[in-house]
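Chains as they are written, first to last, in UniProt numbering: chain A, 1 to 434; chain B, 1 to 295.
All C-beta atoms in this analysis are idealised placements derived from N, C-alpha and C, irrespective of residue type, glycine included.
Just so it is clear, the structure is predicted and the values come from calculations on it, not from any experiment.
Step one of this worksheet: look at the structure below.
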Amino acid sequence: MNSEATHVLSRRTADIVKASLGRRHAAERRFRLYGLMSIGAGILMLVILLVSIFGQGYRAFSQTYVGLDVSFDPAVIDPDGGRSPEALASADYGALLKRALGELFPDVTERQDKRALHRLISAGASYAVRDEILAHPELVGHSARIWVAAGADVDLLEKGYFDRSAAEAERRMKDRELAWVDRLKAEGRLERRFNAKFFTAGDSRDPEQAGIGGALMGSFYTVLVTLVLSLPIGVAAAIYLEEFAPRNHWVDFIEVNINNLAAVPSIVFGLLGLAVFINFLGVPRSSPLVGGLVLTLMTLPVIIIAARSALKAVPPSIREAAMGVGASPMQTVFHHVVPLAMPGMLTGAIIGMSRALGESAPLLMIGMVAFIVDIPHGIFDPATVLPVQVYLWADSPERGFVERTSAAILVLLAFLILMNGTAVYLRRRFERRW
Amino acid sequence: MNTIAESQTVQGKESAKMRSPEKGTLIAAHQREFTRTIGEISSPNPRIMCRDVNVYYGEKHAIQNVSLDVGHNEVIALIGPSGCGKSTFLRCLNRMNDTIVGCRVTGSIRLDGQDIYDGGLDVVPLRAQVGMVFQKPNPFPKSIYENVAYGPKIHGLANSKAELEEIVESSLRRAGLWDEVKDDLAKPGTSLSGGQQQRLCIARTIAVSPEVILMDEPCSALDPIATAKIEQLIDELRELYTIAIVTHSMQQAARVSQRTAYFHLGRLIEVGDTAQVFTNPRHPLTEDYITGRFG
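Shown next as structure tokens:
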């Protein structure tokens, strides 16, 4: 009787299950579809972002150059004939360039026309000629074809930002200037080259002279200061709180506060840095040092939380095994627990660092938003950082800064990808070893 | 007798039988019997002496008034149903419970006459003297060599690399693992099979040359062949060490131990020579447990 009852029951169960099966499968398919849709939306956004930034920014990696036959007249460069580097460095190379342009277009005589003609080459072109002469002093007295950066308008024209067919009054370049450019082009004196200067030069008011070299070095020093300070402090705090601290209300209180700090808006840290580091402690304003200190405050909670969860994830059996053979708490933690938690801690640290690299708001408060042409050579020099440079350029009215803004974003993204890639690589390596 | 035991086990199961008044009085009468341990708790040649040990996990009274000796070169088996406190008691013997938040131990536990819960005592030498093998094999995620060499290294037991290698080899030999791993000592300990891992853990424990080895269900995760190897190993180790083993397998207790202690609900019910406990248990609870009526 008993077996009969079970049989009846099991058949009924099977029927019930079968009846509900269609509904269950439909729910599963629906959920899968939702998942695909949300991932698709995310990828679409990412693609739009990357395409628009790349589409705007890639042109900044090339720059139009004008080839000019410059005769290095000793009377202009070095009237004394001493050829001393000081004399060579202070000569009026602008005049030489203007003379070379004048020789190319002898029919331009009016003062205003000449000014327009001189705008074909960059205002900073004379520095390029100076550097050439300083590198090759033997050129003085001879003549050579020198390639100098074209003016911003010529560069934009070459990159196709202007519509030549528009009415002359609505165009940035008049017909006459277009004719000059066309002649230069026809003579093979116009070339687009890779813009190496973009990576090495500091900021400038002229877009064709501006580069991210200064911001890159500023970011490097700032993140370095942040890393050197926040990694040891954060990891030590996490190890103490997780492995050694007694479990009491004080530790709970500290934990709540660390979580709160992680959620504090970053601009508040900037104000704190201004009040404490600059006004009270007298750390130099706009320096990577003060930037690094502020970003350390901001990254510490992130690193502590990540490191604590990495330590928590180490199975207790490892601690028991170590203590079972008589390891002291310190030995247990540093021989076994910390090495196992290392991949997680590193990931947390690198995520914290990439957050610090991309942060701009707190740095505005401590003067890192200044226009700084010189490339910083240490943590005490005034500097700016990549995201702030993006902000500065995005704010500039000159048309040429648009592509540079996007190019700077591309470089920033490249560094973030590099850092996160390193995090993944380090994780893999450590995990294989353990 | 059997009905009493039955009512004990089905206590929480909302059994209709439970509600009969007759059964209730029987349980009450039985509870009184809990308070005294039957059998000889002391040993003529004790290495560990425990007297009136109580353990509390916060509010929970996990072990109540347990007194028990463990003699030199003796294997004592601690048996009892799940949650009876046998593992807790074992972990008191090398103060492994210290790490558990809210755990409190009272009473006295003496190792060779020294109170191990004395405030001034350092747990590091204690745990070097009283090694432990855990229920789940827990080799360090390092090489086999490093696993065994770790204890001697941190305690400074070897003066040279050659000496350390000797300790590693002899420990692995005594654990019966040497022939299987001698060619790949650099392989991670976690790559071994479960039984090999547990023998590696035993090798790691004996590499420190402890005096007492505590084993917390060392074979519960192993197949019968690996279990047999470990049981044989325990028998060999007895010549040098004092061993306390917690086990759920009555056959294992009967095979490897000289004395057996039966725990029930935090109390030590009965202790005696293994042969006596298994063939002629004096307490009804012990009898019910070893005859397989519950547990």
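Just reading off the beta strand (DSSP E) that LEU190 of chain A is part of, what are its end residues?
The residue labelled residue 190 of chain A in the question sits at position 190 within the first sequence. Start and end: 190 to 194.
Please report how far the alpha carbon of GLY94 of chain A lies from the alpha carbon of ARG119 of chain A, in whole angstroms.
Numbered from its first residue, the first sequence carries residue 94 of chain A at position 94. Numbered from its first residue, the first sequence carries residue 119 of chain A at position 119. Near 12 Å, if we compare the C-alpha coordinates of ARG119 of chain A and GLY94 of chain A.
Starting from ARG248 of chain A, trace the alpha helix (DSSP H) both ways and give me its first and last residue.
Position 248 of the first sequence, counted from the start, is the residue given in the question as residue 248 of chain A. The sequence given here places Asn at residue 248 of chain A; Arg does not occur at that position. It is not in any alpha helix (DSSP H) - ASN248 of chain A carries neither H nor E in the DSSP assignment.
Residues in the same chain with beta-carbon distance under 8 Å from PRO210 of chain B, minus the five sequence neighbours each way, listed in chain order, please.
Locating residue 210 of chain B in the second sequence gives position 210, where the first residue counts as 1. Closer than 8 Å at Cβ, skipping near neighbours: ALA128, GLN129, VAL130, GLY131, TYR241.
CB-CB under 7 Å to ASP206 of chain A, same chain, minus the five flanking residues each way: which ones, in chain order?
Working through the first sequence from its first residue, we reach residue 206 of chain A at position 206. Same-chain partners within the cutoff: SER122, ALA123, GLY124, ALA152.
Please name the residue in B:SER42, B:THR274, B:ILE230 whose C-alpha comes closest to that of LEU177 of chain B.
Mapped onto the second sequence, residue 177 of chain B falls at position 177. The shortest Cα separation from LEU177 of chain B among B:SER42, B:THR274, B:ILE230 belongs to B:ILE230.
Which one of B:PHE278, B:THR286, B:GLN258 has the shortest CA to CA distance from GLU270 of chain B?
Along the second sequence, one-based indexing puts residue 270 of chain B at 270. Cα-wise, what sits closest to GLU270 of chain B is B:THR286.
Taking ASN260 of chain A as the reference, which of A:LEU297, A:GLY326, A:SER287 has the closest Cα?
As a working mapping, residue 260 of chain A is identified with position 260 in the first sequence. If we check each option's Cα against that of ASN260 of chain A, A:LEU297 comes out closest.
Given a threshold of 16 other Cβ atoms within 10 Å of its Cβ, counted over all protein chains shown, does HIS264 of chain B qualify as buried or as exposed?
To locate residue 264 of chain B, count along the second sequence from 1; it is residue 264. Answer is buried; the Cβ neighbour count reaches 16.
Please report the straight-line C-alpha distance between TYR58 of chain A and LEU97 of chain A, rounded to a whole angstrom.
Along the first sequence, read from residue 1 onward, the residue named residue 58 of chain A stands at position 58. Along the first sequence, read from residue 1 onward, the residue named residue 97 of chain A stands at position 97. Taking the straight line joining both Cα atoms gives about 29 Å.
Short of 8 Å Cβ to Cβ, which residues in the segment 270 to 283 of chain B face chain A?
The residues in question: there are none.
At which residue ranges does the segment 223 to 277 of chain B contain complete alpha helix (DSSP H) runs of 4 or more residues, listed in the order of the chain?
Runs of the alpha helix (DSSP H) inside the segment 223 to 277 of chain B: 224 to 237, 250 to 256.
With 8 Å as the C-beta to C-beta threshold (strictly closer), list the residues of the segment 320 to 342 of chain A near chain B in chain order.
The residues in question are GLU320, ALA321, ALA322, MET323, GLY324, VAL325, GLY326, ALA327, SER328, GLN331, HIS335, HIS336, LEU340.
Name the one or two DSSP bridge partners that GLY67 of chain A has.
Working through the first sequence from its first residue, we reach residue 67 of chain A at position 67. Looking at the DSSP assignment, GLY67 of chain A forms a beta bridge with A:TRP147.
Classify ILE258 of chain A as buried or exposed, calling it buried when 16 or more other Cβ atoms lie within 10 Å of its own Cβ.
Looking up residue 258 of chain A in the first sequence gives position 258. Classification for ILE258 of chain A: buried.
Which of helix, strand or coil does DSSP assign to ILE350 of chain A?
In the first sequence, residue 350 of chain A corresponds to position 350, counting from 1. Note: ILE350 of chain A maps to helix in three-state DSSP.
Do LEU300 of chain A and GLU242 of chain A come within 7 Å of each other at the CB atom, strictly closer than that value?
Here residue 242 of chain A corresponds to residue number 242 of the first sequence, with the count starting at 1. Here residue 300 of chain A corresponds to residue number 300 of the first sequence, with the count starting at 1. No.
Step through the CB atoms of chain A and report whether any lies within less than 7 Å of the CB of ARG127 of chain B.
Residue 127 of chain B sits at position 127 when you count from the first residue of the second sequence. Taking Cβ atoms only, chain A reaches closer than 7 Å to ARG127 of chain B, which makes this a yes.
Let me see if you follow: with CB-CB separation under 7 Å, is ARG91 of chain B close to chain A or not?
Within the second sequence, the letter at position 91 stands for residue 91 of chain B. Answer no: the Cβ-Cβ gap between ARG91 of chain B and chain A never drops below 7 Å.
Ignore the nearest five residues each way along the sequence and tell me which others in PHE269 of chain A's own chain have a CB closer than 7 Å to its CB.
Position 269 of the first sequence holds residue 269 of chain A. Cβ within range, chain order: VAL294, LEU297, MET298, PRO362.
Give the residues from the segment 230 to 252 of chain A that approach chain B closer than 7 Å (Cβ to any Cβ), ordered along the chain.
If the cut-off is 7 Å between Cβ atoms, the segment 230 to 252 of chain A has ARG247 near chain B.
Give a yes or no on whether 7 Å exceeds the smallest Cβ distance from VAL101 of chain B to chain A.
Sequence index remark: in the second sequence, residue 101 of chain B carries index 101 (1-based). Yes, contact with chain A.
Going by Cα to Cα distance, which pick from A:GLY291, A:LEU139, A:ASP113 is closest to ILE379 of chain A?
Within the first sequence, numbered from 1, the residue matching residue 379 of chain A stands at position 379. Closest option to ILE379 of chain A, Cα to Cα, is A:GLY291.
Got a sec: is the Cβ-Cβ distance from SER204 of chain A to anything in chain B below 7 Å?
Along the first sequence, one-based indexing puts residue 204 of chain A at 204. Judged by the 7 Å Cβ criterion, SER204 of chain A is not in contact with chain B.
Does DSSP put GLN197 of chain B in a helix, in a strand, or in coil?
Working through the second sequence from its first residue, we reach residue 197 of chain B at position 197. Helix, per DSSP.
May I ask you to verify whether the segment 342 to 362 of chain A touches the segment 143 to 160 of chain B, counting CB pairs closer than 8 Å and requiring at least 3?
The segment 342 to 362 of chain A vs the segment 143 to 160 of chain B: no contact.
Tell me the rounded alpha-carbon separation between ILE43 of chain A and LEU49 of chain A.
Here residue 43 of chain A is taken as the residue at index 43 of the first sequence, counted from 1. Here residue 49 of chain A is taken as the residue at index 49 of the first sequence, counted from 1. Looking at the two C-alpha atoms, the distance is approximately 10 Å.
Could you check whether LEU227 of chain A and MET365 of chain A sit closer than 7 Å to each other, using their CB atoms as the reference points?
Translated into the one-based positions of the first sequence, residue 365 of chain A becomes position 365. Translated into the one-based positions of the first sequence, residue 227 of chain A becomes position 227. Against a cut-off of 7 Å, the Cβ pair of LEU227 of chain A and MET365 of chain A comes out as no contact.
Could you tell me whether any Cβ in chain B is nearer than 7 Å to the Cβ of TRP434 of chain A?
As a first step, residue 434 of chain A must be located in the first sequence, where it is residue number 434. Note that TRP434 of chain A scores a pLDDT of 46, beneath 50, so its modelled location is shaky and nothing firm can be said.
Just to confirm the assignment, what range does the beta strand (DSSP E) spanning MET132 of chain B have?
Translated into the one-based positions of the second sequence, residue 132 of chain B becomes position 132. Residues 130 to 133.
To the nearest angstrom, how far is the alpha carbon of VAL385 of chain A from that of GLY119 of chain B?
Walking along the first sequence from the start, residue 385 of chain A turns up at place 385. Walking along the second sequence from the start, residue 119 of chain B turns up at place 119. Approximately 56 Å, taken between the alpha carbons.
Counting only beta-carbon separations shorter than 7 Å, does GLU33 of chain B have a partner in chain A?
To locate residue 33 of chain B, count along the second sequence from 1; it is residue 33. With a pLDDT of 49 at GLU33 of chain B, under the threshold of 50, the modelled position of this residue cannot be trusted; read the value that follows with caution. Not one chain A Cβ lies under 7 Å of GLU33 of chain B.
Distance cutoff 7 Å, beta carbons only. Does ILE154 of chain B sit that close to anything in chain A?
Start at 1 with the first residue of the second sequence, and residue 154 of chain B comes out as number 154. At least one chain A Cβ lies under 7 Å of ILE154 of chain B.
Can you say whether GLY58 of chain B is buried or exposed, counting buried as having 16 or more other CB atoms within 10 angstroms of its CB?
The residue given as residue 58 of chain B occupies position 58 in the second sequence. Flag for GLY58 of chain B reads exposed.
Taking Cβ-Cβ distances shorter than 8 Å, what residues in chain A pair up with VAL168 of chain B?
Along the second sequence, read from residue 1 onward, the residue named residue 168 of chain B stands at position 168. Those within 8 Å of VAL168 of chain B in chain A number zero; the least Cβ separation is about 13 Å.
Taking only beta-carbon positions, decide if VAL212 of chain B is within less than 7 Å of chain A.
In the second sequence, the residue the question calls residue 212 of chain B occupies position 212. Chain A, which has no Cβ nearer than 7 Å to the Cβ of VAL212 of chain B, makes this no.
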